[in-house]
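In what follows, a structure is listed as structure tokens, so that the remarks can point back to it.
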Amino acid sequence: MSRIFVNSTVEELKKAVVEEIHSVLIKTTENRNVSVGLSGGSMPTQISPGLLALKGVDWSRVHFFFCDERVVPYDTPDSTFGVYQKLLFSRLNPQPVVHRINIEAGSTEEVAKDYQAEVLKYFGVENGYPAFDLLLLGIGPDGHTCSLFPQHEILKVEDLVVAAVTDSPKPPPNRVTLTLPVINKTNKAIFIVTGDNKAEVIKKILEDDHPSEMYPASMVQPLSGKPSWYLDGGAAKLLSSAN
């Protein structure tokens, strides 16, 4: 069973999520660097203030990656890196290590290939799937997560760590994303979900509790254990029960 945490308000949800992130950061950085994958959408504004307020974190040992990213200039609102740079990275002391995509690498496919090389270099592996310490994931009303969209061919990709998407049904069309096998290799996955418009898909995913290409987020089934789902009251309102 997935771990489901329902918070009556968004503020309570933010606090609970940041506490779990803090626990991972503190425990891991005692001995080594920690790898964290970030998602975009509303997540930057939800978690950045809480992360900035954390005490006792050696941010120089924190390596931030992106679960997916839009291939757009960094200074545009669609750039996930750009938003985090403004709200979080530039304000942390000491500075974390941020692994951003290189939008100047060429085509979207070349950007994905370049970012895959960046990820593999950090983990020191040439083949196989790297294991992130923590992936922070969101979900759309259609059930997509990262840039893994319903019934898209990318859901079947098994030979890549980072894949290109050039036909995203949600603009902008050009993106890069971690693939499902990599997401499912993570040591910990946390979904952060808010809003009434997510309630229907949350009910389908959590109460059916089986993977479906109709709802890519349901295919996030880490080998290390089921993901944690942090929901506000709106997102959880159709659930029969939550633990």
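Just so it is clear: in the sequence shown, position 4 is 4 by full-length UniProt numbering, and no numbers are missing.
We treat Cβ as the ideally placed atom computed from N, Cα and C, and that holds for glycine.
Per DSSP, reduced to three states, the secondary structure at A217 is helical.
Per the Cβ contact rule, the stretch 33-46 is in contact with the stretch 129-138 (3 or more Cβ pairs under 8 Å). Per DSSP, D75 lies in no alpha helix (DSSP H) segment and is marked neither H nor E.
The stretch 226-235 makes contact with the stretch 2-21: 3 or more CB pairs, one atom from each, lie closer than 8 Å. Closest in C-alpha terms to R61, from the list I190, M214, Y122, comes Y122. K203 is a Cβ neighbour of L239, given a cutoff of 9 Å. Nearest in C-alpha terms to V157, of all of A105, K170, E213, N197, is E213. Y122 sits in a helix when the DSSP states are folded into three classes. R175 is bridged by DSSP to R70, V165. If you compare the alpha carbons of D68, P96, A131 with that of I103, the shortest gap goes to D68. CA-to-CA, the gap between E207 and D232 works out to about 17 Å. According to DSSP, D232 shares a beta bridge with N7. Apart from sequence neighbours up to five positions away, the residues of its chain that approach A131 with a beta-carbon distance below 7 Å are K185, T186, N187, ordered along the chain. Counted as a single uninterrupted DSSP element, the beta strand (DSSP E) harbouring G37 occupies residues 34-38. Distances from the CA of G50 to each of H22, V71, R70 were compared; the closest alpha carbon is that of H22. Per DSSP, the unbroken alpha helix (DSSP H) holding V182 starts and ends at 180-183. Around the Cβ of K198, a 10 Å sphere holds 16 or more other Cβ atoms; the residue is buried. One Cα belongs to V220, the other to L92, and the distance between them is close to 30 Å.
Shown here for D78: same chain residues with a beta carbon closer than 7 Å to its own, the five before and five after excluded, namely R70, V72, P172 in chain order.
Excluding five sequence positions before and after E20, none of the CB atoms of its chain fall closer than 6 Å to its own CB.
Within the DSSP bridge table, the entry for H63 names S35, V97 as partners. At the C-beta level, F65 and V36 come within 9 Å of one another. In the displayed model, V111 falls within a helix according to three-state DSSP.
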